[in-house]
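Going left to right, the sequence shown walks through residues 20 to 309 as my numbering numbers them.
Every residue, glycine too, gets a C-beta built ideally from N, C-alpha and C.
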Amino acid sequence: MREGTVVITGKSNVGKSTLMNAIAKREISIVSHKSQTTRSQINCIVKINGSQIAFIDTPGFHIPHNDFGIYMNSKIKNAYKYADIALFVYDLSKKFDSLDLQVLKLISSFNIKKTILVLNKMDLINKVNHNIVEKEIEKYIKLVKTIQISALKNKNIDLLLNSISDSIANNPICVNETNSDAFIISEIVRKQIIFNLRQELPYSSCVVLRGIKYSENKKKLETYLDIIVERESQKPIVIGKNGVMIKKIGTIARKELEKYYNCKVMLKLFVIVSKNWRSNKKLIKEHGYY
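Structure follows, in structure tokens:
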């Protein structure tokens, strides 16, 4: 059985996480319209045509404004170290810009052997001339293939996977699947923060699993999580009037966790202020990153 590793990369909001979920055939990465929703590398190992392939979803490349932004960009570079193939995901509804160019330069600097251009949102193809986009990209990097897809509508995903299987080198996989309880539980809660809170809060908050206990005889999972915010003024927003918002976040997250773990879940959420944590490397690490 051949093995290999593929990194899914590109700037923010081009559909990388939607593509990862389509490949995994399950929700492994949070998908939202907000940029920088993916915060670290997320790994999924799948079998394709007799090959075992690790896919790494990465944060969207962006210009960082704090230490946490630098951290997210570092996760992209870390993922490149393992990659046999880079999937450069480009949103056909957007223009090629300096961020796209910086991603291409990064791919080239890490000497990734093969790059496949993935033109996402093919249903919007008449908004941009994809041939012009391809020629522009080929000025900076050699492509082994260009494939148009719609990750959201699951179009041409099999075509893409077959191309990857045909192109993959036989190199050992050096990453493990991202499936720890700490990741799964905190991400399910963070997803509800993203979907239910506006403006800065989804960016300035994070979720940390502080405790977990499973009762075999009661078939019950007890979880304790901190929702971290940066300022005192953000705490009542997360809690909501009379606790309405945090109850809503907890209720929806609990139902999803019960479905995932197939047992009763007790979900305890605490809102903690960690002042300006995104600009403090020590706090970033304490909150589960790095």
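Comparing C-alpha positions only, which one of the options sits nearest to residue i?
i	options	result
Phe214	Lys114, Thr56 and Asn32	Thr56
Ile246	Gln211, Glu235, Asn261 and Tyr279	Gln211
Ser59	Asp142, Lys44 and Ser31	Ser31
Lys140	Val108, Asp116 and Ile104	Val108
Lys66	Leu111, Gln121, Ile187 and Met91	Ile187
Pro78	Ile72, Gln71 and Asn62	Asn62
Ile72	Lys100, Arg21, Asp86 and Ile176	Arg21
Glu241	Pro255, Gln218 and Ile204	Ile204
Leu286	Lys161, Lys304 and Lys267	Lys267
Lys283	Lys238, Ile271 and Gly262	Lys238
Ile47	Ile168, Tyr279, Tyr159 and Lys113	Tyr279
Asp200	Ser128, Lys254 and Arg229	Arg229
Arg45	His52, Ile64 and Thr28	Ile64
Lys254	Gln167, Pro221 and Ser182	Pro221
Gln310	Thr197, Tyr159, Lys158 and Leu180	Limits of the chain in this structure are 20 at one end and 309 at the other, which puts residue 310 out of reach.
Is it the case that the CB of residue i approaches a heavy atom of the ligand SAH more closely than 7 Å?
i	result
Ala170	With respect to the ligand SAH, the structure offers nothing, as it holds no ligand at all.
Pop quiz: residue i and residue j are said to be a contact at Cβ under 8 Å. What is the actual Cβ separation, rounded to whole angstroms?
i	j	result
Phe80	Ile95	6 Å
Thr28	Asp103	Actually they are not in contact, since the Cβ atoms of Thr28 and Asp103 sit about 13 Å apart, beyond 8 Å.
His149	Leu138	5 Å
Would you tell me roughly how many angstroms separate the C-alpha atoms of residue i and residue j, rounded to the nearest one?
i	j	result
Gly88	Tyr308	12 Å
Lys172	Asn236	42 Å
Ile131	Met91	20 Å
Gly259	Ser252	12 Å
Asn295	Lys164	43 Å
Asp110	Ile156	13 Å
Ala43	Tyr233	27 Å
Arg297	Glu305	11 Å
Asp116	Leu125	15 Å
Ile207	Leu120	33 Å
Thr134	Val26	10 Å
Lys174	Asn299	42 Å
Leu216	Val257	8 Å
Ser93	Asn85	13 Å
Tyr101	Ala41	22 Å
Ile82	Ser54	12 Å
Phe129	Val227	32 Å
Name the DSSP beta bridge partners of residue i, please?
i	result
Leu136	Phe107 and Thr165
Asp76	Ile27 and Ile61
Leu288	Leu244
Gln71	Glu22 and Lys66
Gly262	None, per the DSSP bridge assignment.
Cys225	Ile247
Lys239	Ser234 and Lys283
Lys100	Its beta-bridge partners do not exist; DSSP assigns none.
Lys174	Ser169
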